[in-house]
Amino acid sequence: MSSFYAKRFFASTSRRLSKCKVDSDGLPLAPTWSVNSLLNITKDNNNNKASSIGTSMSDEQLDHLFRLAQLRPPKDTHDRAQLTKDMDDLTRFIQSIQQKDFGDTAPMTHIWQDATGMALRSDDIDSSDSDQVKGTALLDNAKETFPPFYAVKGQHQED
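Here my numbering is used: position 82 in the sequence shown is 809, and no number is missing along the way.
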């Protein structure tokens, strides 16, 4: 682990771990969070079902999201209610992350450690024949061409 990522890890976990009991390796003895805490889900006293706290997405907003995604919204009210609940849960999850105080922790810019990256191939550029079109060997096997392209007969041909 690079020093940058080690500092980031310890800075973000030290605040959380200082509030709970830890073992000799510094690991918490009890869970420090749950998915329900991130979704702000509580138990309703009347029917003991999980109910969400917060505002609900309106039907107009749900229809607008479907239009933006160029999808057809469901017509069944049960499906719409389930989608609205799922969107509300996702919204609360994102809001809970946005409200966390990460102090002066710098955001990550790469998913790899320092000096590690994707293995890229080295492409050699041949500049001797820069005006010559390359990669046309497959055109020799085509039934019909319109150089430098393949010609494909469609259903609607102009006479």
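Virtual Cβ for every residue (Gly too), placed ideally from N, Cα, C.
In this structure, DSSP gives Thr-836 a state outside helix and strand, which the three-state scheme calls coil. Out of Ala-796, Thr-804, Gln-797 and Thr-832, the CA that lies nearest to the CA of Asp-786 is found in Thr-804. One alpha carbon belongs to Ser-783, the other to Phe-793, and they sit about 16 Å apart. Distances from the alpha-carbon of Ile-821 to those of Ala-796, Leu-795, Ile-852 and Ser-764 put Ser-764 closest.
Inclusion of Pro-755 and Val-749 in the CB contact set at 7 Å is warranted, their separation being smaller than that value. Look at Val-749 here: in three-state DSSP terms it is strand. Under the DSSP assignment, Met-814 falls in the alpha helix (DSSP H) whose first and last residues are 804-826. For Glu-871, the CB contacts under 7 Å within the same chain, skipping 5 residues up- and downstream, are Ala-878 in chain order.
Of the candidates Gln-882, Ser-751, Asp-752 and Cys-747, Cys-747 places its Cα closest to the Cα of Trp-760.
By a beta-carbon distance limit of 8 Å, Arg-807 does not contact Leu-795. Their separation comes to about 17 Å.
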